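Count along the sequence shown starting at 1, add 44, and that's the number in my numbering. Inspection log for the structure reproduced underneath, given as structure tokens.
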Amino acid sequence: MRLPLLLISVAFIGSVYFFITNENELNAEKQESAIPALSETVNSTIQPIGIASNQAKEQMQVNEDMPEPDTLLQDAQGQTLMTAITSFWQQCRRENNCDELLAKQQLLLDDDRYQLLVNFPVYQQEEQRLMGESLISQDASLADKIANVKAIRELVWGNYAALLFQQQDAYYDYRLSLADPDSRFNQTQHSDDFINEYNAMLAERGDDLDSFALSSDTAKYEEALQLIPPSMPEDETARIKAELASQYLTANERQSIVNREQQVDKQEQEITDYQQGLNELELTLVNERATSKQTMNDEDWQVYKAERLYQYRLNFFSL
Numbered sequence: 045m046r047l048p049l050l051l052i053s054v055a056f057i058g059s060v061y062f063f064i065t066n067e068n069e070l071n072a073e074k075q076e077s078a079i080p081a082l083s084e085t086v087n088s089t090i091q092p093i094g095i096a097s098n099q100a101k102e103q104m105q106v107n108e109d110m111p112e113p114d115t116l117l118q119d120a121q122g123q124t125l126m127t128a129i130t131s132f133w134q135q136c137r138r139e140n141n142c143d144e145l146l147a148k149q150q151l152l153l154d155d156d157r158y159q160l161l162v163n164f165p166v167y168q169q170e171e172q173r174l175m176g177e178s179l180i181s182q183d184a185s186l187a188d189k190i191a192n193v194k195a196i197r198e199l200v201w202g203n204y205a206a207l208l209f210q211q212q213d214a215y216y217d218y219r220l221s222l223a224d225p226d227s228r229f230n231q232t233q234h235s236d237d238f239i240n241e242y243n244a245m246l247a248e249r250g251d252d253l254d255s256f257a258l259s260s261d262t263a264k265y266e267e268a269l270q271l272i273p274p275s276m277p278e279d280e281t282a283r284i285k286a287e288l289a290s291q292y293l294t295a296n297e298r299q300s301i302v303n304r305e306q307q308v309d310k311q312e313q314e315i316t317d318y319q320q321g322l323n324e325l326e327l328t329l330v331n332e333r334a335t336s337k338q339t340m341n342d343e344d345w346q347v348y349k350a351e352r353l354y355q356y357r358l359n360f361f362s363l
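As structure tokens, this is what we get:
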């Protein structure tokens with residue numbers, strides 16, 4: 045029977061269509077891996093699609109190269125420092141020796157970092173409270189949402205905000221630049237121009253690619269797809285995708301994309317054929333009701349119509 049197949053096909057098309065056309069929207073998991081959320085409101089606006097397996101591999105490499113916790117507390121910045129402080133408090137609470145470990149860190153850290161370590165739980169709780177009480181509208185612009193988050197962070201963390209959130213600020217600035225209608229990518233109309241702009245952007249952001257989760261070839265490919273402007277002509281878009289695939293994907297990955305697109309085309313055609321045949325049948329039934337079935341009472345007509353529709357579906361899905 046093809047009825048279950050079509051239902052599955054419709055669901056599959058929806059998911060694949062979302063994957064393919066979501067090129068101008070941002071994915072949550074990838075961004076949360078690279079730049080942890082400070083506000084659900086902001087993250088819901090700027091999240092892009094990510095690749096869990098690549099992120100896991102990158103995180104494993106980071107863990108292998110991670111310095112000792114004491115060194116991190118002394119020298120680290122940004123998310124690395126946030127993670128180190130969070131781990132410190134989790135460990136000392138678990139082992140019930142926070143006073144002892146704080147006394148040790150007081151000898152190792154300068155006063156600013158020690159005060160940050162001591163007050164971190166209080167600051168974090170206050171930030172979460174203010175974020176939860178924030179009344180900014182869901183319809184506010186991305187710029188307004190980010191400004192609201194930054195204002196709360198500066199209020200809570202003070203001078204520590206730059207130390208902890210510099211990477212996040214860089215990422216937010218990056219997303220804002222892409223959201224600008226006059227961005228470098230939205231001005232391109234040719235494949236060569238787009239590719240050149242994208243390569244230039246990667247070169248400019250070289251130091252930030254790791255924190256933006258753009259260090260892997262697959263991530264660079266997906267990010268580029270999201271940046272293709274809607275105004276780009278279809279033939280130029282096709283050239284961009286082909287060039288990006290050749291540059292960033294393996295032969296197997298490229299073939300997988302081709303197979304997926306062919307499957308989508310086939311399923312979409314099947315749905316189109318079904319709907320076209322159904323429309324033709326309904327027109328036929330309207331004509332019959334007005335002519336040869338004009339004298340049939342309403343009850344008999346409804347039975348007749350239901351039987352014709354049932355037979356159409358049965359025949360279509362049993363082919």
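Ideal Cβ positions, reconstructed from N, Cα and C, are used throughout, including at glycine. Owing to the predicted nature of the structure, the values given are computational and were not obtained by experimental measurement.
The continuous stretches of alpha helix (DSSP H) do not include Asn141, and DSSP gives it neither H nor E. Contact between Leu153 and Leu161 holds: their C-beta atoms lie close to 7 Å from each other, under 8 Å.
Contact annotation: Glu241 and Phe229 have beta-carbon atoms nearer than 8 Å. The DSSP-derived three-state label of Arg304 is helix.
Taking a cut-off of 8 Å for Cβ pairs, the segment 235-250 and the segment 196-206 do not touch, as fewer than three such pairs fall below it. For Arg197, the uninterrupted alpha helix (DSSP H) run begins and ends at Leu186 to Trp201, by DSSP. Here Leu125 is not near Leu253, since their CB atoms are 8 Å or more apart.
Proximity of the segment 282-300 to the segment 333-343 falls short of the contact definition, fewer than three beta-carbon pairs being nearer than 8 Å. The C-alpha of Pro165 is placed about 13 Å away from the C-alpha of Cys136. Within the same chain, Lys264 and Glu267 come within 7 Å of Leu258 by CB-CB distance, once the 5 residues on both sides are set aside.
Pairing Ser221 with Ser227 gives a Cβ-Cβ distance under 8 Å. Within the same chain, Cβ atoms closer than 6 Å to the Cβ of Lys349 are found at Leu329, the five residues on either side in sequence being excluded.
Of Pro113, Glu177 and Glu343, the smallest CA-CA separation from Gln134 is found for Pro113.
Restricting attention to Pro273, Gln121 and Val193, the CA atom closest to the CA of Leu174 is found in Val193.
Counting only residues of its own chain and dropping the five nearest sequence neighbours on each side, Ala223 has a CB closer than 7 Å to the CB of Leu186. In this structure, Leu117 keeps its C-beta atom at 8 Å or more from the C-beta atom of Gln159. For the 8 Å CB-CB criterion, Leu325 and Arg352 form a contact. Scanning its chain for C-beta atoms nearer than 6 Å, with the 5 sequence neighbours on each side dropped, one finds around Ala214 the residues Asp252, in chain order. The shortest CA-to-CA distance from Gln168 to any of Thr127, Asp183 and Ala191 is the one to Thr127.
Inclusion of Thr232 and Pro277 in the CB contact set at 8 Å is not warranted, their separation being larger than that value. Of the other Cβ atoms in all chains shown, fewer than 16 fall within 10 Å of the Cβ of Arg138; this residue is therefore exposed.
About 7 Å separates the CB atoms of Ile301 and Ala289; that is less than 8 Å, so the two are in contact.
Taking all protein chains shown into account, Leu358 has fewer than 16 neighbouring C-beta atoms within 10 Å of its C-beta and is therefore exposed. Apart from sequence neighbours up to five positions away, the residues of its chain that approach Asp261 with a beta-carbon distance below 6 Å are Tyr292, ordered along the chain.
Annotated three-state conformation of Pro165 is helix, per DSSP. Ser290: member of the alpha helix (DSSP H) spanning Glu278 to Tyr292, first to last residue. When only Cα atoms are considered, Phe238 and Gln270 end up about 12 Å apart. A residue is called buried once 16 or more other Cβ atoms fall within 10 Å of its Cβ, and Tyr216 is buried on that count.
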